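Residue numbers (the working numbering): 270 to 545. To keep things clear, I will list the structure first and then write my remarks on it.
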């Protein structure tokens, strides 16, 4: 979910429906909105010479979309062998149960309530399917159960809603926690700096080809917003709603309810760190 349609200085990419890297193909769900941008990116991942594929985030409970994901995999000569979830929001996960029925696959997630099968996911875990290697990266903050998946062979990372292709992510109180989110961004920056990740395959919006630049942009944006919120409180804007009207005046009003939840998370962060 995004809290802004676009921001000055943000790295730019291209909306992809089809191949994005050598191992990643996007099937775009038809659920475009102010909060989901162009729609949910459902990712089909596989080694080029393998007949097995992994699907990340089947998306909403939309029969035509789910069948299109299966059909796309089959046209590529692949059979879906595993379904993974970046987190439990309905635009990413609501269709997982039906997708499991269509493909006969287990569904693995951090949250046990979202799993179908005996296995979950844990930080640092390496998943191998048909020669494809994915590494589980814990990235809580947008939600407590948010994960990213590092695809080393393509020097790419699938970020769910932790980083979007356009705009910035809502960290919605109370499930979203800003301190955790900032730590997650730093963890993704380390992937870019230390592990050579350069491509971001987001849960919504365009594919981005400058992972480090994207993370630095996100960190700078969060620091700027925090400073604005802190100043707003010092100037007497004491409620989350008042802060939104003051700080998020440049954001479409339809997004203000989400912005208010984000402000609550920011106020919690500033209070915990003794800054207000």
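Idealized CB from N, CA, C, for every residue including glycine. Values in this document were obtained by computation on a predicted structure and should not be read as measured data.
When secondary structure is reduced to three states using DSSP, residue 475 falls in the coil class, being assigned neither helix nor strand. If the five residues before and after residue 301 are omitted, its C-beta is found closer than 6 Å to the C-beta atoms of 307 and 308, all from its own chain and listed in chain order. Per the C-alpha coordinates, the member of 437, 431, 441 and 499 positioned closest to residue 454 is 431. Annotation: residue 395 is outside any alpha helix (DSSP H); the continuous beta strand (DSSP E) that includes it extends over 395-398. Fully enclosed beta strand (DSSP E) runs of no fewer than 3 residues occupy 310-314, 321-325 and 348-353 of the region 304-382, in order along the chain. For residue 468, the secondary structure class from DSSP, reduced to helix, strand or coil, is strand. Taking C-beta atoms as the reference points, residue 303 and residue 314 fail to come closer than 8 Å. In terms of Cβ geometry, residue 316 and residue 383 do not form a close pair [threshold 8 Å].
Residue 388 sits in coil when the DSSP states are folded into three classes, being neither helix nor strand. Taking 8 Å as the cut-off, the beta carbon of residue 392 is found closer than this to the beta carbon of residue 407. For the pair residue 320 and residue 473, the Cα-to-Cα distance works out to about 27 Å. Under DSSP, the beta-bridge partners assigned to residue 293 are 314.
The continuous beta strand (DSSP E) containing residue 429 extends over residues 425-429. With contacts defined as CB atoms closer than 8 Å, residue 324 and residue 352 qualify as a contacting pair.
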